[in-house]
Amino acid sequence: MSDYQSLVDEVSALLQAPVTLEDREFALIAFSSHDDDLDPVRTRSILHRRSSPAVRAWFESFGIASATGPIRTPADPDEGIRARLCVPARHEGAVYGYLWLLDDGTIDPADPRLDRVMTLATWAGRLLAADTWQREAAPLAFAQLLSGSATDRTGAARTLAGLKHPAATAASVTVVWASPAPKLNPARLPDGVPAHRSLDGLALLVPLPDPADVSPARTVAASLITAGGDEVLAGIGGARTDLLDVPHSWREARLAVRSARAEPRLGPVASWDGLGAYRLIAAPPLATPAAPDADPALLPLLQPARSDLLHTAETYLDQAGHAQRTAEALAIHRQTLYYRLSRIKALTGLDMDSGADRLLLHLAIKTYRLATAPEEPAG
């Protein structure tokens, strides 16, 4: 931005006229300070950081998008528009923005100072082209990460790394999915959060400084709910440290939204890690005996030294939480059972007095047993 401001200030000083720089979408980039010489259009542009569609159509009707040099646009007193000199900011044959000078005809088109202005406009075009590429490259790379081929995903990860994009430099990322897609201006998203809109929703790639803390994603998801209203639900996928795993986070975010539709208490923002038993119902872990996978809730009990706790948990749940029958099945004293149950709670964070927690752990154990069972009998 400092380069743009320096450029605008130089043009303003050179021609002693108010100057603004807008991109080709008529979003305000920089402006000079001539507060005593404004018209309503310039004032609104500065206040709202963008010109209205009607103003854009007015100026484009004079051929500014195809102009290769300074072009004068007339005044429209009824609309409060003063005459202007427009200098297109082009790069490699394409227009990327416009330098605007309020001018009532005092600037001579043959003025040699305009040669310097054209040089500065060319430099502005180069800067705007680079910014446009970076702005558009990240969402395109994100789209390729979501649904491209393996080669596309590898190339997309390289693109984000080459851009030094926050998604490539952060410790981890997650995908936020909102459905139906809310009407949200991408410019209102936090920096470094590319978006990809499809027919059934809006996906966002959110960098996470800490894989264990998805609060940045919750903030983004909440903004989507605010923008979309009551009908919109948002899901947050699990954190991933490798960009090539982004499709898995996207799948989890979509399943989180689906789970929230089935169980409204999970919404309007549902995180994959907070789905409980719905996590296993929606997507049982894909595993093989050679490479078993398990729900995170079960992982603390899978260490070999804790096999007794795993067996205790499974037996207790198989016995519908009946302490006496469980103790008899395990051939242990009830006090020993209660001690083991307290250890299970401390390790997993799951409360065996909670029906939802019991369902989650029971499903996790049985899913793991199924995933690790051999397909054929041994021997």
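Residue numbers for the sequence shown, in this note's numbering: 80 to 458. Virtual Cβ for every residue (Gly too), placed ideally from N, Cα, C. Note that this is a predicted model, so its numbers are computed, not measured.
Next item on the list: Please report how far the alpha carbon of residue 434 lies from the alpha carbon of residue 400, in whole angstroms.
Entry: Taking the sequence shown and counting its residues from 1, one reaches residue 434 at position 355. Taking the sequence shown and counting its residues from 1, one reaches residue 400 at position 321. So the alpha carbons of these two residues sit roughly 10 Å apart.
Notebook entry, point to check: Going straight from the alpha carbon of residue 388 to that of residue 420, what length do you get?
Noted result: Position 309 of the sequence shown, counting from 1, holds the residue named residue 388. Position 341 of the sequence shown, counting from 1, holds the residue named residue 420. Rounded to whole angstroms, the gap between the alpha carbons of residue 388 and residue 420 is 8 Å.
Notebook entry, point to check: Out of 148, 374, 386, 141, which has the shortest C-alpha to C-alpha gap to residue 429?
Noted result: Position 350 of the sequence shown, counting from 1, holds the residue named residue 429. When only C-alpha atoms are compared, the closest one is 374.
Next item on the list: Would you identify the three-state DSSP class for residue 163, choosing helix, strand or coil?
Entry: Residue numbering aside, residue 163 sits at position 84 when the sequence shown is read from its first letter. Strand.
Check: Between the C-alpha atoms of residue 338 and residue 219, what's the straight-line distance to the nearest angstrom?
Finding: On the sequence shown, position 259 is the one that residue 338 refers to. On the sequence shown, position 140 is the one that residue 219 refers to. The alpha-carbon atoms of residue 338 and residue 219 are separated by roughly 28 Å.
Check: I think residue 134 touches residue 111, with their Cβ atoms under 8 Å apart; what is that distance to the nearest whole Å?
Finding: Mapped onto the sequence shown, residue 134 falls at position 55. Mapped onto the sequence shown, residue 111 falls at position 32. In fact, because the Cβ distance is near 19 Å, the residues do not count as touching under 8 Å.
Item checked: Those runs of the beta strand (DSSP E) which lie wholly inside the stretch 294 to 370 and span at least 3 residues -> 312 to 315, 348 to 350
Margin query: Cutting at 6 Å between CB atoms, please list the residues of its own chain near residue 307, excluding the five before and the five after it.
Written below: Numbered from its first residue, the sequence shown carries residue 307 at position 228. If we look at residue 307 and ignore the five residues flanking it on each side, its Cβ neighbours are 261.
Next item on the list: Quick one: give me the first and last residue of the beta strand (DSSP E) that residue 151 is part of.
Entry: For the purposes of this step, residue 151 is taken as residue 72 along the sequence shown, with counting starting at 1. From DSSP, the beta strand (DSSP E) with residue 151 extends over 150 to 152.
Margin query: Taking its Cβ as the centre, do 16 or more other Cβ atoms sit within 10 Å of residue 213, making it buried, or is it exposed?
Written below: For the purposes of this step, residue 213 is identified with residue 134 of the sequence shown, where counting begins at 1. With fewer than 16 Cβ atoms within 10 Å of its Cβ, residue 213 is classed as exposed.
Notebook entry, point to check: Going by the CB atoms, is the gap between residue 288 and residue 318 shorter than 7 Å?
Noted result: The residue you call residue 318 lines up with position 239 of the sequence shown. The residue you call residue 288 lines up with position 209 of the sequence shown. Contact flag unset, no.
Check: Which first and last residues belong to the beta strand (DSSP E) in which residue 99 is found?
Finding: Here residue 99 refers to the residue found at position 20 of the sequence shown. Unbroken beta strand (DSSP E) run through residue 99: 98 to 102.
Notebook entry, point to check: Which residue's Cα is closest to the Cα of residue 203: 171, 329, 416?
Noted result: Walking along the sequence shown from the start, residue 203 turns up at place 124. The shortest Cα separation from residue 203 among 171, 329, 416 belongs to 171.
Next item on the list: Specify the secondary structure class of residue 108 as computed by DSSP and reduced to three states.
Entry: The residue you call residue 108 lines up with position 29 of the sequence shown. Here residue 108 sits in strand by DSSP.
Note to self: If distances are taken between C-alpha atoms only, which option among 415, 414, 394 comes closest to residue 40?
What the structure shows: This structure leaves residue 40 out entirely; the chain is present only between 80 and 458.
Checklist line | Integer Cβ distance of residue 223 from residue 234, believed to fall under 8 Å | finding: Numbered from 1 along the sequence shown, position 144 holds the residue referred to as residue 223. Numbered from 1 along the sequence shown, position 155 holds the residue referred to as residue 234. Right, the Cβ-Cβ distance comes to about 7 Å (below 8 Å), so this counts as a contact.
Check: So does the stretch 273 to 290 actually touch the stretch 346 to 361, counting three or more Cβ pairs closer than 8 Å?
Finding: no
Check: residue 256 to residue 291, Cα distance in whole Å?
Finding: In the sequence shown, residue 256 corresponds to position 177, counting from 1. In the sequence shown, residue 291 corresponds to position 212, counting from 1. In this structure, the alpha-carbon of residue 256 lies about 19 Å from that of residue 291.
Checklist line | Integer-rounded CB distance, given that residue 201 should sit under 8 Å from residue 169 | finding: Walking along the sequence shown from the start, residue 169 turns up at place 90. Walking along the sequence shown from the start, residue 201 turns up at place 122. With 8 Å as the limit, residue 169 and residue 201 qualify as a contact, their Cβ atoms being about 7 Å apart.
Item checked: Same chain, Cβ closer than 8 Å to residue 199, neighbours up to 5 away in sequence not counted -> In the sequence shown, residue 199 corresponds to position 120, counting from 1. 86, 89, 90, 178.
Item checked: Backbone secondary structure at residue 288 - three-state DSSP -> For the purposes of this step, residue 288 is identified with residue 209 of the sequence shown, where counting begins at 1. Three-state result, residue 288: coil.
Note to self: With distance defined between alpha-carbon atoms, name the residue in 380, 166, 294, 225 nearest to residue 324.
What the structure shows: For the purposes of this step, residue 324 is identified with residue 245 of the sequence shown, where counting begins at 1. Of 380, 166, 294, 225, the residue nearest in Cα terms is 225.
Checklist line | residue 428 CB to nearest heavy atom of the ligand GTP below 6 Å | finding: The ligand GTP is not part of this structure, which contains no ligands at all.
Notebook entry, point to check: How would you label residue 36, buried or exposed, when you count the other beta carbons within 10 angstroms and need 16 or more for buried?
Noted result: Outside the displayed span of the chain (80 to 458) sits residue 36, for which this structure offers no information.
Next item on the list: Write down the C-beta distance between residue 186 and residue 165 rounded to the nearest angstrom, noting that I regard them as a contact closer than 8 Å.
Entry: As a first step, residue 186 must be located in the sequence shown, where it is residue number 107. As a first step, residue 165 must be located in the sequence shown, where it is residue number 86. Not quite, the Cβ-Cβ distance comes to about 12 Å (not below 8 Å), so this is no contact.
Next item on the list: Taking 7 Å as the cut-off, decide whether the C-beta atoms of residue 443 and residue 376 are in contact.
Entry: Indexing the sequence shown from 1 puts residue 443 at position 364. Indexing the sequence shown from 1 puts residue 376 at position 297. Going by C-beta atoms, residue 443 is nearer than 7 Å to residue 376.
Notebook entry, point to check: To which residues does DSSP link residue 253 through a beta bridge?
Noted result: Residue mapping note: residue 253 aligns to position 174 of the sequence shown, counting from 1. According to DSSP, residue 253 bridges with 285.
Item checked: Nearest residue (CA-CA) to residue 141, options 154, 269, 425 -> On the sequence shown, residue 141 is found 62 positions in, with the first residue counted as 1. Comparing Cα-Cα distances from residue 141 to each of 154, 269, 425, the minimum goes to 154.
Item checked: Own chain residues within Cβ distance below 6 Å of residue 311, not counting five before or after -> Residue 311 sits at position 232 when you count from the first residue of the sequence shown. Exclusion of the five residues before and after residue 311 leaves 257, 261, 304 as the residues of its chain whose Cβ lies within less than 6 Å of its Cβ.
Next item on the list: Out of 397, 239, 259, state which residue places its alpha-carbon closest to the alpha-carbon of residue 321.
Entry: As a first step, residue 321 must be located in the sequence shown, where it is residue number 242. Measuring from the Cα of residue 321, the nearest candidate turns out to be 239.
Checklist line | Cβ-based neighbour list, residue 359, same chain, cut-off 8 Å, excluding 5 preceding and 5 following | finding: Sequence index remark: in the sequence shown, residue 359 carries index 280 (1-based). Cβ within range, chain order: 374, 439, 442, 443, 446.
Next item on the list: Compare the Cα-Cα distances from residue 98 to each of 157, 196, 146, 188 and report the closest residue.
Entry: Residue 98 sits at position 19 when you count from the first residue of the sequence shown. Considering only alpha carbons, the answer is 196.
Next item on the list: Return the CA-CA distance between residue 149 and residue 163, expressed in angstroms with no decimal places.
Entry: Residue 149 sits at position 70 when you count from the first residue of the sequence shown. Residue 163 sits at position 84 when you count from the first residue of the sequence shown. One C-alpha to the other measures close to 10 Å.
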